[in-house]
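From first to last, the protein sequence lines are chains A and B.
Quick note: to get the numbering used here, add 16 to the position in the first sequence (first position is 1).
Quick note: to get the numbering used here, add 16 to the position in the second sequence (first position is 1).
Protein chains: 2
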Amino acid sequence: MVRWQPGTSERLQAAALDLFASNGYEQTTAAEIAQSVGLTERTFFRHFSDKREVLFHGQELLVEAFLAGVAAAPDDATPMELVGAALESAAPFFPAERRDHSRLRQTVIDQNPALQERERHKMSVLATTLRDALRARGSAEPAATLAAESAATVFGVSFTQWIAPGEERSIVEIERAVLAELRDLTAANPTAHRAAKA
Amino acid sequence: MVRWQPGTSERLQAAALDLFASNGYEQTTAAEIAQSVGLTERTFFRHFSDKREVLFHGQELLVEAFLAGVAAAPDDATPMELVGAALESAAPFFPAERRDHSRLRQTVIDQNPALQERERHKMSVLATTLRDALRARGSAEPAATLAAESAATVFGVSFTQWIAPGEERSIVEIERAVLAELRDLTAANPTAHRAAKA
């Protein structure tokens with residue numbers, strides 16, 4: 017009988033990240049990850065389907081947090097207010113004590129094209145899931161897609177800034193500033209303005 | 017000695033698309049594509065590295081067209097004006113007579129996850145290449161990334177609309193309307209506004 021061990025997934029994740037960062041992602045096996053924390057390869061595969069999943073585990077929860085923010089927003093929220101609510105709702109996934117872990121994880125991903133592809137796919141799923149939630153809340157097209165894709169962009173830009181060396185603001189502070197920058201940026205577009213009025 | 021035949025790539029592309037659409041992408045081989053227009057498999061592989069490339073051939077030219085638009089824009093152009101110039105510069109790739117071809121191509125891509133991944137990768141390359149061009153023109157961060165990602169989003173949304181059944185507007189007309197919608201959408205975001213002023 018297998019006893020459930022609290023924190024086994026977390027221990028495997030931390031060990032995997034250390035090995036990926038020091039020895040390289042390709043060069044690290046599931047067996048090595050397990051052995052480095054005194055566990056067997058079999059135990060590893062009870063927690064993760066493959067070594068790639070160690071890096072992406074739990075991300076459905078992140079998408080759910082975005083959706084919970086949309087669901088909890090006031091009835092009269094604009095699409096971009098829904099996006100703001102989604103971003104704020106997901107912020108607890110990025111506490112200050114997680115920043116070093118996130119930095120190391122990103123370093124590993126940035127060095128491997130297959131992991132980058134997985135990351136792009138994840139962001140694409142986030143954007144389409146959010147788009148569907150905005151549609152369900154009554155946003156028309158193209159507003160729903162534009163707002164959802166902008167949410168993914170703002171999240172991506174903010175996350176990159178959040179893990180930048182020396183950055184100390186919370187992810188929500190950064191996201192608010194980036195949302196404001198996006199608004200100012202698109203406002204300063206007389207070409208679109210003229211075209212829209214023409 | 018191999019005589020250069022004008023239009024061979026185009027013939028192979030049209031034949032491939034027909035076979036992908038009628039028999040399925042996975043079920044179609046390079047040899048079948050070549051045979052359907054009276055050519056050999058060897059000839060096929062002189063033009064394309066694999067059957068996937070038939071669908072993505074020539075897309076570096078699209079990226080170059082985006083960059084040419086940025087390069088030709090006035091010195092005082094805002095980041096979103098540079099984006100508008102990039103989109104307009106790429107418009108000749110989407111003439112009215114290409115719409116049916118683009119529709120069929122999208123149907124094939126939408127049915128195959130590996131092709132969708134390739135499409136995401138292509139859009140990601142477009143966005144980062146454009147971001148680098150905006151930086152080189154003096155745009156700071158996060159403006160350069162936000163504007164470049166917005167360009168990719170506006171292009172994607174506009175292209176989807178351009179191939180929608182019954183759509184008759186040119187891609188530039190659609191892009192201008194989508195850019196205006198993005199501006200109005202982000203302007204209607206009092207949350208970000210309050211945060212920015214706080």
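C-beta atoms are modelled at their ideal positions from N, C-alpha and C, and glycine is treated no differently.
Straight-line measurement puts the Cα of Gln122 of chain A at about 44 Å from the Cα of Thr24 of chain B.
When B:Val70, B:Arg62, B:Glu57 are compared, the shortest CA-CA separation from Tyr41 of chain B is found for B:Val70.
For the set A:Glu183, A:Thr202, A:Arg27, the Cα lying nearest the Cα of Ala112 of chain A is the one of A:Glu183. With three or more CB-CB distances shorter than 8 Å, the stretch 71 to 84 of chain A counts as touching the stretch 137 to 150 of chain A.
Taking the Cα positions, Ala32 of chain A is about 47 Å away from Phe110 of chain B. Collapsing the DSSP output to three states places Asn128 of chain B in coil. The Cβ-Cβ distance between Phe60 of chain B and Ile49 of chain B falls below 8 Å. Contact with chain A is absent for Val70 of chain B, since none of that chain's Cβ atoms lies less than 8 Å from the residue's Cβ. Contacts between Ser140 of chain A and chain B, judged by CB atoms closer than 8 Å, involve Arg136 in chain order. Scanning the stretch 25 to 88 of chain A from its first residue to its last, the whole alpha helix (DSSP H) runs of 4-plus residues come out as 46 to 52, 57 to 63, 67 to 72, 75 to 88.
The beta carbons of Glu197 of chain A and Pro158 of chain B sit closer together than 8 Å. Annotation: Cβ neighbours of Ala203 of chain B in chain A (cutoff 7 Å, chain order): Arg199, Ala203. In this model, Thr169 of chain B and Gln51 of chain A are separated by some 45 Å (Cα to Cα).
Scanning the stretch 153 to 188 of chain B from its first residue to its last, the whole alpha helix (DSSP H) runs of 4-plus residues come out as 159 to 178.
Nearest CB-CB separation between Ala163 of chain A and chain B: below the 8 Å threshold. Three or more beta-carbon pairs drawn from the stretch 160 to 176 of chain B and the stretch 84 to 98 of chain B are found closer than 8 Å, and the two stretches are therefore classed as touching. Straight-line spacing of the CA atoms in Val124 of chain B and Thr44 of chain B works out to 12 Å. By the CB criterion at 8 Å, Thr161 of chain B and Val173 of chain A fall inside the cutoff.
If you draw a straight line from the Cα of Val86 of chain B to the Cα of Gly154 of chain B, it is about 12 Å long.
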